[in-house]
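Notes follow the structure.
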Amino acid sequence: MKEPALVIAIVFTSVPIIIFIVIYVFVVIPREMAEEQERKRIEAEKREKLRLVTEERKRIEAQERRLELERRKREAYEHNMQALSLTCRRCGKIAPPIPGTGNRYRCGGCGNQFAGAAHRM
Ligand SMILES: [Zn+2]
Numbered sequence: 001m002k003e004p005a006l007v008i009a010i011v012f013t014s015v016p017i018i019i020f021i022v023i024y025v026f027v028v029i030p031r032e033m034a035e036e037q038e039r040k041r042i043e044a045e046k047r048e049k050l051r052l053v054t055e056e057r058k059r060i061e062a063q064e065r066r067l068e069l070e071r072r073k074r075e076a077y078e079h080n081m082q083a084l085s086l087t088c089r090r091c092g093k094i095a096p097p098i099p100g101t102g103n104r105y106r107c108g109g110c111g112n113q114f115a116g117a118a119h120r121m
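Counted the way the numbering used here counts, the sequence shown spans residues 1 to 121.
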């Protein structure tokens, strides 16, 4: 009578422990592993997005610098064209230098072309 009671007691106390271990090993651990994988995947995605955004921003900044440089060059060019312009002897309007000609000018009013002071446009 004493021994079966002991066996029953052992079985009743060990069964919940075994159930707990089985649940832990086959349910809790896999779920935690899956959650960890999902977290890692999301973090990798975030890093990739951040990398793309950073690259895009750098590209845009480089483009803005290029455009600013071009704008300054154009302004300097237009400034030089204005500063080197002569007055047309035929109609009296402004005649900017013709680039690459060394000393020739074309009137903006009548289109008259003529030679004048040497220029480097
Ligand atoms: Zn003219």
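Even for Gly, the Cβ is constructed at its ideal location relative to N, Cα and C.
Query raised in the report: Can the beta-carbon of H119 be found closer than 8 Å to that of P97?
Result: yes
Residue from V7, N112, M121, E56 with nearest C-alpha to T101
M121
message: Residues around ligand 1, please: the condition is that the C-beta lies closer than 6 Å to some non-hydrogen atom of it.
response: C88, R90, C91, K93, C107, G109, C110, N112
Worksheet entry | In DSSP terms, what Q113 is bridged to | R106
Within 10 angstroms of its Cβ, does Y105 collect 16 or more other Cβ (buried), or is it exposed? buried
Checklist line | Coarse secondary structure for P4, derived from DSSP in three states | finding: helix
If I measure Cβ to Cβ from L84 and keep anything under 6 Å in the same chain, skipping five residues before and after, which residues do I get? P97, H119
Cβ shell of I94 (< 6 Å), same chain only, five flanking positions each side left out
S85, G108
**Request:** Tell me whether C88 is buried or exposed, calling it buried when 16 or more other Cβ atoms sit within 10 Å of its Cβ.
**Result:** buried
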